[in-house]
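Last residue of the sequence shown: 635 in this note's numbering, with the numbers rising by one and none dropped. Glycine included, each C-beta is placed from N, C-alpha and C at the ideal position. Since this is a predicted model, take the numbers as computed values, not measurements. Below you'll find the structure, written out as structure tokens, and then a few comments.
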Amino acid sequence: MTTAFRPAPGIPAGRFAPLVPPGVYAPQEDTFLLAEALSREQFAAGAEVLDVGTGSGALAIRAARRGARVTAVDIGRRAVLTARLNALCAGQRIAVHRGDLFGPVLGRSFDLVLCNPPYVPTPPPGAAERRVVSAPPEPGAGTAAGAQSGADRDGDPRRGVGPGGTRRGGEWPADRPRGAGRTFEGGTDGRTVLDAICAGAAGVLRPHGALLLVQSGLCGVEDTLHRLALGGLRGTVCDRRRIPFGPVLRARLPWLRARGLLTVRDEDEELVVIRAERI
Numbered sequence: 357m358t359t360a361f362r363p364a365p366g367i368p369a370g371r372f373a374p375l376v377p378p379g380v381y382a383p384q385e386d387t388f389l390l391a392e393a394l395s396r397e398q399f400a401a402g403a404e405v406l407d408v409g410t411g412s413g414a415l416a417i418r419a420a421r422r423g424a425r426v427t428a429v430d431i432g433r434r435a436v437l438t439a440r441l442n443a444l445c446a447g448q449r450i451a452v453h454r455g456d457l458f459g460p461v462l463g464r465s466f467d468l469v470l471c472n473p474p475y476v477p478t479p480p481p482g483a484a485e486r487r488v489v490s491a492p493p494e495p496g497a498g499t500a501a502g503a504q505s506g507a508d509r510d511g512d513p514r515r516g517v518g519p520g521g522t523r524r525g526g527e528w529p530a531d532r533p534r535g536a537g538r539t540f541e542g543g544t545d546g547r548t549v550l551d552a553i554c555a556g557a558a559g560v561l562r563p564h565g566a567l568l569l570v571q572s573g574l575c576g577v578e579d580t581l582h583r584l585a586l587g588g589l590r591g592t593v594c595d596r597r598r599i600p601f602g603p604v605l606r607a608r609l610p611w612l613r614a615r616g617l618l619t620v621r622d623e624d625e626e627l628v629v630i631r632a633e634r635i
């Protein structure tokens, strides 16, 4: 099994393909859907953009190429180093910080915030369906604040609440997933990190600034819109795409059906991008 850096799969020929070491989430369908939404955003050169859970840095690099001043955050050391290397290879200047949620940027404000958080519903500790497969993680594996990147095992993604919206109270399991699971497992309802993002996003957005957030339809799109509204953001769904189940969801089908999140007829998952503007 190689441990060398590899180019991310699925990148069209002729475009920069970020290097992705084992344990860092490679750009895939949810990344691409969020990138499409980013391409439609209008912002001036020098606009301040924040990429929360940057992983390989693919989205941060895309924003920087449009002239934005980009700050990227990830909880995993490996992801932080990877994003810095990819930015260097792409010839883009990006400030990449290690930290949880909005902690590294407290006191700052941004015109645009990007986020691909871990949102895969996760069985409780000890359940047979809770396993990390050896295949690459499926969409939902973005390393947003509160999750760790791939095989990184350093740090504690649930360290109590901070002014940026991080939760207190240990809602993340005490024996939270290690390794690749930390890039995609979002708690029993998939909302552990989503809810924290909804609560804290307004605090880092300038007036009329926007959040672009990708999630699975399994996690309650209306719930996200409601929670964003409570935080002072007006949200709408701007993109949808259906994709086949990946290996993790296939392994969890009985549990997901028992919880009523899927029916026996469901054969794919809907990815959704939400755009929310600070009112």
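Ranked by how close their Cα comes to the Cα of R454, the residues G447, L437 and C445 have L437 in first place. Here T619 carries a coil assignment [DSSP, helix/strand/coil].
Under the criterion of beta carbons closer than 8 Å, S412 and A391 do not qualify as touching, at roughly 12 Å.
Under the three-state reduction of DSSP output, F388 falls in the helix class. With 16 or more neighbouring CB atoms inside 10 Å of its own CB, P374 falls in the buried class. Taking each of L468, P473 and R422 in turn and checking the Cα distance to G409, the smallest one comes out for P473. In this structure, V469 places its C-beta atom within 9 Å of the C-beta atom of G565.
Take the alpha-carbon of R608 and the one of R615: they are about 11 Å apart. In the DSSP annotation of this structure, V461 is not part of any alpha helix (DSSP H), being labelled neither H nor E. Under the three-state reduction of DSSP, A428 is assigned to strand. Here the segment 566 to 574 lies against the segment 622 to 632, with 3 or more beta-carbon pairs under 8 Å apart. Along the segment 537 to 595, the alpha helix (DSSP H) occurs as fully enclosed runs of 4 or more residues at 548 to 556 and 577 to 586, listed in sequence order.
Distance between A401 and I417, taken at the CA atoms: about 14 Å. When the alpha-carbon of D595 is set against those of E404, A632, V376 and F540, the nearest one is in A632. The residue from D624, R434, E623 and G543 with its alpha-carbon nearest to that of A382 is R434.
A451 and S395 have their C-alpha atoms roughly 21 Å apart.
For R421, the three-state secondary structure derived from DSSP is helix. Contact between A552 and R634 is ruled out by a C-beta separation of about 17 Å, above the 8 Å threshold. Inclusion of L561 and D467 in the CB contact set at 9 Å is warranted, their separation being smaller than that value. Apart from the 5 residues on each side of it in sequence, L550 sits with its Cβ closer than 7 Å to the Cβ of P473, Y475, G542, Q571, C575 and T580 in its chain, given in chain order. Exclusion of the five residues before and after A393 leaves L568, C594, D595, V629 and R631 as the residues of its chain whose Cβ lies within less than 7 Å of its Cβ. Around the beta carbon of R598, fewer than 16 other beta carbons sit within 10 angstroms, so the residue counts as exposed.
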